[in-house]
Every structure is written in structure tokens, then in C-alpha cells.
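Take a look at the structure below.
There are 2 protein chains.
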Amino acid sequence: MKKNIPYRINLPEEYIPKKWYNLRAEMKSPVPPLLNPATREPVTLDELSKIFCTELAKQELNTTDAYIDIPQGIIDFYKMCRPSPLIRAYCLEKELGTPAKIYYKFEGNNTSGSHKLNSAIPQAYYAKQQGLKGLTTETGAGQWGTALSMACAYYHIPLTVFMVKGSFMQKPHRKAIMQTFGASVIPSPSDTTNAGRAIIAKLGETSGSLGCAISEAVEVAVSNDGFRYVLGSVLNQVALHQSIIGLEAKAAMELYDEYPDVVIGCAGGGSNLAGLIAPFMGDKIKGTHNPYFIAVEPASCPSLTRGKYGYDFCDTGKVTPLAKMYSLGCEFIPSSNHAGGLRYHGMSPLISKLYDDGLLDEARSIEQTAVFDAAVRFARCEGILPAPESSHAIKIAMDEAVKCRETGEEKTILFGLTGTGYFDMSAYSSFIEKSMGDYIPTEAELQHGFEGMPEM
Amino acid sequence: MKKNIPYRINLPEEYIPKKWYNLRAEMKSPVPPLLNPATREPVTLDELSKIFCTELAKQELNTTDAYIDIPQGIIDFYKMCRPSPLIRAYCLEKELGTPAKIYYKFEGNNTSGSHKLNSAIPQAYYAKQQGLKGLTTETGAGQWGTALSMACAYYHIPLTVFMVKGSFMQKPHRKAIMQTFGASVIPSPSDTTNAGRAIIAKLGETSGSLGCAISEAVEVAVSNDGFRYVLGSVLNQVALHQSIIGLEAKAAMELYDEYPDVVIGCAGGGSNLAGLIAPFMGDKIKGTHNPYFIAVEPASCPSLTRGKYGYDFCDTGKVTPLAKMYSLGCEFIPSSNHAGGLRYHGMSPLISKLYDDGLLDEARSIEQTAVFDAAVRFARCEGILPAPESSHAIKIAMDEAVKCRETGEEKTILFGLTGTGYFDMSAYSSFIEKSMGDYIPTEAELQHGFEGMPEM
Chain L
17 MKKNIPYRIN
27 LPEEYIPKKW
37 YNLRAEMKSP
47 VPPLLNPATR
57 EPVTLDELSK
67 IFCTELAKQE
77 LNTTDAYIDI
87 PQGIIDFYKM
97 CRPSPLIRAY
107 CLEKELGTPA
117 KIYYKFEGNN
127 TSGSHKLNSA
137 IPQAYYAKQQ
147 GLKGLTTETG
157 AGQWGTALSM
167 ACAYYHIPLT
177 VFMVKGSFMQ
187 KPHRKAIMQT
197 FGASVIPSPS
207 DTTNAGRAII
217 AKLGETSGSL
227 GCAISEAVEV
237 AVSNDGFRYV
247 LGSVLNQVAL
257 HQSIIGLEAK
267 AAMELYDEYP
277 DVVIGCAGGG
287 SNLAGLIAPF
297 MGDKIKGTHN
307 PYFIAVEPAS
317 CPSLTRGKYG
327 YDFCDTGKVT
337 PLAKMYSLGC
347 EFIPSSNHAG
357 GLRYHGMSPL
367 ISKLYDDGLL
377 DEARSIEQTA
387 VFDAAVRFAR
397 CEGILPAPES
407 SHAIKIAMDE
417 AVKCRETGEE
427 KTILFGLTGT
437 GYFDMSAYSS
447 FIEKSMGDYI
457 PTEAELQHGF
467 EGMPEM
Chain Y
17 MKKNIPYRIN
27 LPEEYIPKKW
37 YNLRAEMKSP
47 VPPLLNPATR
57 EPVTLDELSK
67 IFCTELAKQE
77 LNTTDAYIDI
87 PQGIIDFYKM
97 CRPSPLIRAY
107 CLEKELGTPA
117 KIYYKFEGNN
127 TSGSHKLNSA
137 IPQAYYAKQQ
147 GLKGLTTETG
157 AGQWGTALSM
167 ACAYYHIPLT
177 VFMVKGSFMQ
187 KPHRKAIMQT
197 FGASVIPSPS
207 DTTNAGRAII
217 AKLGETSGSL
227 GCAISEAVEV
237 AVSNDGFRYV
247 LGSVLNQVAL
257 HQSIIGLEAK
267 AAMELYDEYP
277 DVVIGCAGGG
287 SNLAGLIAPF
297 MGDKIKGTHN
307 PYFIAVEPAS
317 CPSLTRGKYG
327 YDFCDTGKVT
337 PLAKMYSLGC
347 EFIPSSNHAG
357 GLRYHGMSPL
367 ISKLYDDGLL
377 DEARSIEQTA
387 VFDAAVRFAR
397 CEGILPAPES
407 SHAIKIAMDE
417 AVKCRETGEE
427 KTILFGLTGT
437 GYFDMSAYSS
447 FIEKSMGDYI
457 PTEAELQHGF
467 EGMPEM
């Protein structure tokens, strides 16, 4: 007889994984390497170590070890919020009248309010181990900046955050929480860096973009002794750290003899999606299971569904290595009417490769009013206020569950609920007051973005 | 050998109590009854049932049953967020260098962000069972309004919230989250009620108070057929529902052979404190244990430390029953510079009685800059952003732990971390920017408040 499945599966702390899972080591066709933009040769450990902590640079380049030990100093911090709950969405199932079983892995259960903390902790930890003087980073909607501020406070490392100016102006409370955790917060583009000044000179008044903010943060890190840059998404090292989401989800489901038929995650830079799907994708590659994977992105920033797969810069100022990814072009800036995160021009090289190989089965884009409609419905029955980012996955999970109602299939659906929406109440207000609009870039706008990609 | 104590004790859902604990049934000296203000006689079930749901009115008057069954329809909702974690504050202990063991029961682990949900759920549930058309309530800082909005969304009951005007203006995001859960939100005092109009006529432009908002909410409930009023604190029924905090905390500690030497809670209306201490106070009354209880309140609204113990109205408009409580007078309005909740003029009759009897050992008041200083320190090491209300308890828990460092005593300290501070970032900002001030009412101001209390 099957065990009775609780609403929330809260595994005890012994279930925190002792190793991250490095999916790249299992892939039959490798993820294309990062390239040095000057030489167009694969970046070396030496080159990367000037930007990132040495240990993180090693992880970035490690394509051979399927499992990488998590140091005890990181596990101790993970214990403060992990394992995160795996929730059986009984109320949502009832609301939709679906025979599907819906599960979500809830990563908003820590003060930073999102999965970003999973990578912020190791990145701050390794910086401390290396004896660095400080870290720089960028943040868009603010989830990453908040998470990294928490981690840096815990490990006692100074942090400077370049915050996308549009977000800085709209979300003073995001700035305040980062400052509460001791970080310095600078709106980007700023006049404190060459990259920022160049972007202002070119674009004039702009609400900024993640790409701009990355350029500024990298510049400060590489031009100050003892400083390094950290990034909250896109990179292989981040996908590695985020594998803890999928590992815990899989362990929790196995306890109840469950395995997902469909796995759904929102995708901005791709870190949460990469982490959620990692062990399930490993099974698919090994041929032991065949789950169906869906990436969900905003219609206003559709890198997977409308982008080009090719080498591009990770930033607008073109100071970073080149990555092969689905991209809208490193100069693409999504409409300022777009609420929340998921506004990066590219997509993690790992996710891009899986999608190009057909292992990541499908990508869908959604307009934001449909996303908020799903978010409000979910909140009212499941009692969790989701982040706009996460709500992309909710929307598609609901769509899939409704299909099951129509076909009678009892599918097991797993999606990632990456975070909470406490700092997105302005967007919720505009949705409730019906002043929220949608935006889909025109073909001409996309074409303009593609022209900014480097010729290879 | 003692078991290894994890950072977070997350009990499985089977540990959700099946009964609330009614401390009044154990008390040797009874809590003085609510009085009808016209007759000065104890209120009857009939009278109370015109204001509250009948089942809640019965609970309000029940002084004989030590345990009251929790209906399954309530337990099913509790499962979405309970048992809440009991956290061992290893990082705070290390930060303070104390031999004390510090535990906190974290009630901010649900979307409403506070313990208020524990009573919102049953109050909405019983309203639904009674077939009511709608509920009215008031909210100050917004925790109660948010919690009740969630509960009413879940049980599909219309809700009108009178929100203290100062808070309504300062916290648009609190309003937005209540609206997201489908509630109507009206700033109080408003011109939609007789009570509101009278208060405006008397005081002119005012930022309002909980007492004003209660008057308005009660008026709307009693003058509309099929509506009832619900209250998030002060009442015996609320203390009853909140006993789930203490019951879970005690069960979790018992699993690890722990028992608190000191129990600390913040006190505004007294509901969280009453709930946290309930089973431990029961032990004290029975003589099986002798924990030391400390209530912590803001220096700007010091009902226990500087109030008078006597019969007073629960609201400013003087439409409610009279309760015997420590009070600053029902016309007392705390300084608008006071951030967060804990701004009620009175204190729950249960807590007041326990304090008057010396069973609640001590009350301390603190100024808000000291509270925020403790909050920021706590956030940086424990990785949770506390509500200002909860931070009163943090401050005193830290003080007690530091005393242990000095005396070498290995005390076990338990405090209530009632909620999160996501909607209090303006206050955090003003603390960080050093623009936050303190305020202590003068003797003359207190005297003016006492003059508003009814003559008995």
C-alpha cells in the first residue's frame, strides 16, 4: 500500500545532499566551452580565476566529475533553510478538478525568498576561504542581491551590488533589505565605472539591464586587488549548486514512490530550471526514466522560444567571456513594463545545449497578465504568494493539469516554485487594478538585438 | 545520551495538535468576565453571538474545558503551514558567546508572515460553517488583515478590513496583499460608519488607531444581517487558538528532552504571548515546572509596564464589551513615529490576569531603536528578517543570553519569533539611515489616557 502523502514533505536535515550533481559529466554531447573574446579560444582556469574565486572557476570548468563534495561550512548554512519543502498541491488539484498529482518544490522558504540562496552560500563561502577582501555582483529584480547579501553577512564578506536602475527606483524595499544585511547598493548604469559611463553615453537615460549591471560589477572586481565577481545565474557553477533543488525533490518523491511525468520550471538565466531538472535529466540521459521537461519564459524576453543559438557576450558592455547560448543579443533590453525577473538576454549554456539537443523537450513563453492571473489563483487556494518569476511555472503546471482533466490522465507533475512575491506587490497591485499590460517584442526589435551578437 | 538537536525541528503533520489548550480552565483564580457596558453585567452568549460567530462566542465564554477539539476542516488548512519550525539558534548563540541554549518558535513561515493565521483560520472556518455572508475586521500593521484575507480566500467568505489610516498610507503593499487575497480594504477612521465620522469630528485629521478601526468594524458587522466581526488578538478565543504555538513548541522540545527555563514573547494585544506560554504556564500552575515568563512591549505603548489594571473598552468608539485589562485608556493613540504593530491600548484579559497574579513573572518595555538594532543583528546571523513586533522578544532573549554568558548559567531560553519583516522595510530603512527616533509617552499623556477609562 502506498504511504499517505502529506501536504508538505519536510525532510530532516540529514537529507541535505552531501554532494552537488554535475549534469555535464553525464552528457553524451558536451556543453560548448566559454571562449576568451579576444582569442576565441576556450577560457583557461587562469583567465577565469581573475574574475571568479579559484574554486568556483574550477567548478565552472569541471565537466568530468558527476558529483562534487559540498563542504561542511556550506552544509551548516544550508541547514538554516534546507531541505526546502516539497509540497503536494492538494488544494490546487481540487480547485482545478484534475486527476493529476501536482507537486512543487518551494524555494521561497528562506528570508531571501528564493532559490538564489542555494548558490549565494557556496559563492560567499569560497570567497571567504580564499581570503578575499570583497565581492561584487549585479541584481535585477533583487532576488540574487538579497540572497548574496544574506550569505555575505553570514560569512562576513563586504559586498557591492549593482542593481538595475529601473528596479532600484521601483523597489526601494529590495534595496533596504540588502542594506539591512550590510551590502552597498549602486544603481546601474552608474558613473562609478567605465562600462557604466559608456552605456550612459550611448543610451542616455536608461532603466538599465542585467547585462549593463554585469559589466559594471565585473569591471570593479577585476580592477581591485582581492576582489572577485559572482553571478547568480547562467553559469555552470550556479547550475551545479542549484542541483540541490532537484536532488532533494527526487529524494522526497522517492520516499513516497513517486516520480514525475512532467517537470516544469521558469527560465530566466536558467539556474533554477537547471537545478530542478538535473537528476531527472540524468535519468533521462541514462535511459532509466523519460520525464517530459518544459521551460517557461516571459513573452517579453523570449530567449529560448525566439532567440538564436550562438556565441554571445554575457553582458552588455562586452567584457565577459563568450558563451554559446540561446540569446536575444547582449544589447537586448526587455520592455520596462515587464514586472519581476526573467529579463536576461541569454540562457544558461547548459540549458541551451539541452534544449538544442531535444533533451529539454519544450519551451513556452507567456504574457505577464496570464502569469499574474495564475499567481493570484494559486495564492488564494495554496496559501503562498508566489514570485512573478515562479508564476510562469505555475501557469504551465495549471495548463498541464487541466489537460489531464480533459484526457483523464493521472500524470505526476512537478514544478519549481522558486520564490515569494513580497517585493512584487506593486506588480500585483497593477494586475488587480487592471493597469498591467503585456508586451511582445516585434520581429524588428529582435532583429536589432541579434545584430549586437558577435560574428564568429 | 541526548539526541543531536537539528537547526530546525520540523515536526511532521501528525504532530499538529488535535485540540487547543484552554488555559483558563486550569487557573485557580478566574479571568474576570467581559461586561455588557450598559448593564455592567457579564455578557451572555446571546449578546456575544450578535457580534461574533456563535461557536467563537462559546469559546470566548468557555472557562471549563481545558481542551477543545480542532475540527478537521481547520487541521487541513493548518497542514499547509504547520507544525511551524522550532529553531535552535546555534548561530545567535555563537554570535553572543553564550552558554545558554536559545530556541525560537518561528511563526513567520506562512505567506501571511505571522502567527495571526493560527486564529484567522478557525475564525473564517466557523463563519463558513455558520453560513455567514461576510466578515469585518480591523488591522493595524497589517499582519492580522493579511492572515484573515488568506483564510477568507481559502474558505470563500467576503471580507472587509478597516485598516488604521497611518498604516494604510505607509504600507500600500500590505493593502495590496490583502486585495490579492480578495479582501476590501478601507482606511480608518472612514466616513462609512457612524463611529468613524464621530472620531473624525472629534480628532480631525488623524492617523487612526486600532481602537478606532475596531469601532468601525464592529458597527458594520452588527448593523448588517449575516455579518459578524472577528478580532485577531486580545480575546480569549484568540488566545485559545494561539495555544497551538506553545503546544507544538513543547512537543518539539520534549522530543529532545528539553524544557525552557525562560519563555519570552512580545506583547501587543497578547495573543502570541498567551499562545506561546499556554502549556508551560499550565505546568507552572500545576507545579510540575517553574519556567520564568517575560512579556516584552514597546516603550511607546507600555500597557503592562505603565498601564492601569481595570475595566476598559476594547475600542475607541466605546461600542464593545468592557474587558478587565492592563490599559492605557481606550482613547490612547501611540506616537505615529512608532513602527510596526504592538500599538493596542490594552492587553488581553488573560495575560493581564496572569501578570496581576504574578504567574507571568515580568514585563519589560524597550525603545524601538534598541529593537531594530537587535533585529538587524539577528537577521545577519540567523538568516531570518524578523518583524519589528517579534524583535522585541529577540532583544530580551539576547539580553538574557548575555547574562548567562556573564554568570556561566546554561539556561534554556525559548522565545516567540512571531513573524517576518518584509512589509516593514521602510522602518528598517529609517533605522539603517539613522533617521529613526524613540518615543516614550509622558506622564501627562498617560494620565490623559487613563481619564478615558470608564468609571466602575
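Chain order of the listed sequences is L and Y.
Going by the numbering used here, the letters in the first sequence line up with residues 17 to 472, in that order.
Going by the numbering used here, the letters in the second sequence line up with residues 17 to 472, in that order.
Beta carbons are placed, not taken as given, at the ideal position from N, Cα and C, and that holds for glycine.
What's the gap between the Cα of residue i and the Cα of residue j?
i: Y:Ser451; j: Y:Phe388; result: 12 Å
i: L:Gly242; j: Y:Lys110; result: 28 Å
i: Y:Pro314; j: Y:Arg104; result: 26 Å
i: Y:Gly356; j: Y:Gly437; result: 9 Å
i: Y:Phe439; j: L:Gly298; result: 41 Å
i: Y:Ile301; j: Y:Arg40; result: 11 Å
i: L:Ser445; j: L:Leu77; result: 44 Å
i: L:Leu112; j: Y:Glu221; result: 47 Å
i: L:Gly212; j: L:Val234; result: 11 Å
i: L:Thr208; j: Y:Ile90; result: 55 Å
i: L:Glu347; j: Y:Gln145; result: 58 Å
i: Y:Glu449; j: Y:Tyr360; result: 27 Å
i: Y:Ala255; j: Y:Asn134; result: 10 Å
i: L:Leu376; j: Y:Lys181; result: 51 Å
i: Y:Leu27; j: Y:Ser225; result: 38 Å
i: Y:Val250; j: Y:Gly129; result: 19 Å
i: L:Ser316; j: L:Cys330; result: 19 Å
What do you get for residue i, buried or exposed, if any count of 16 or more other CB atoms within 10 angstroms of its CB means buried?
i: L:Gln75; result: buried
i: Y:Thr55; result: exposed
i: Y:Thr304; result: exposed
i: Y:Pro205; result: buried
i: Y:Pro58; result: exposed
i: Y:Ile382; result: buried
i: L:Ile456; result: exposed
i: Y:Thr60; result: exposed
i: L:Asn258; result: Checking the sequence shown, residue 258 of chain L turns out to be Gln, not Asn. Its Cβ being crowded by 16 or more others within 10 Å, L:Gln258 is buried.
i: L:Asn126; result: buried
i: L:Gln463; result: exposed
i: Y:Glu123; result: buried
Going by DSSP, what residue range makes up the beta strand (DSSP E) through residue i?
i: Y:Ile202; result: 200-204
i: L:Lys419; result: That residue, L:Lys419, is in no beta strand (DSSP E); its alpha helix (DSSP H) goes 404-423.
i: Y:Arg244; result: 243-245
i: Y:Ile429; result: 428-433
i: Y:Phe178; result: 175-180
On the premise that residue j lies in contact with residue i, defined as a C-beta separation below 8 Å, what is that separation, rounded to the nearest angstrom?
i: Y:Tyr170; j: Y:Phe93; result: 6 Å
i: L:Pro244; j: L:Cys397; result: Reading off the sequence shown, one finds Arg at residue 244 of chain L, where the question assumed Pro. That pair is no contact at about 44 Å.
i: L:Val386; j: L:Lys411; result: Position check: residue 386 of chain L holds Ala in this sequence, whereas Val was assumed. Yes, L:Ala386 and L:Lys411 are in contact; Cβ-Cβ is about 6 Å, under 8 Å.
i: L:Pro470; j: L:Tyr327; result: 6 Å
i: Y:Met194; j: Y:Thr162; result: 6 Å
i: Y:Val246; j: Y:Thr153; result: 5 Å
i: L:Ala265; j: L:Leu292; result: 7 Å
i: L:Pro115; j: L:Glu426; result: 5 Å
i: Y:Ala294; j: Y:Gly262; result: 4 Å
i: Y:Thr428; j: Y:Glu270; result: The pair is not a contact, with the Cβ atoms about 12 Å apart (cut-off 8 Å).
If you follow the alpha helix (DSSP H) that residue i is part of, which residue opens it and which one closes it?
i: L:Asp207; result: No alpha helix (DSSP H) contains L:Asp207, which DSSP labels as neither H nor E.
i: Y:Ala73; result: 70-77
i: Y:Met469; result: Taken as a continuous stretch (DSSP letters only), Y:Met469 belongs to no alpha helix (DSSP H), as it is neither H nor E.
i: L:Tyr171; result: 159-171
i: L:Phe447; result: 441-448
i: L:Pro188; result: 188-196
What are the start and end residues of each continuous alpha helix (DSSP H) run of 4 or more residues lying completely inside the stretch 21-108 of chain L, in chain order?
You should have 61-67, 70-77, 88-94.
Continuous beta strand (DSSP E) assignments of at least 3 residues falling wholly in the stretch 216-289 of chain L:
Segments of the beta strand (DSSP E) lying fully in the stretch 216-289 of chain L: 243-245, 278-282.
Could you name each continuous alpha helix (DSSP H) segment of 4 residues or more that falls completely within the stretch 307-388 of chain L, going from the start of the chain to the end?
Here the runs fully enclosed are 319-322, 365-372.
Runs of alpha helix (DSSP H) wholly within the stretch 103-155 of chain Y (minimum 4 residues, chain order):
List check, alpha helix (DSSP H) in window: 106-112, 133-145.
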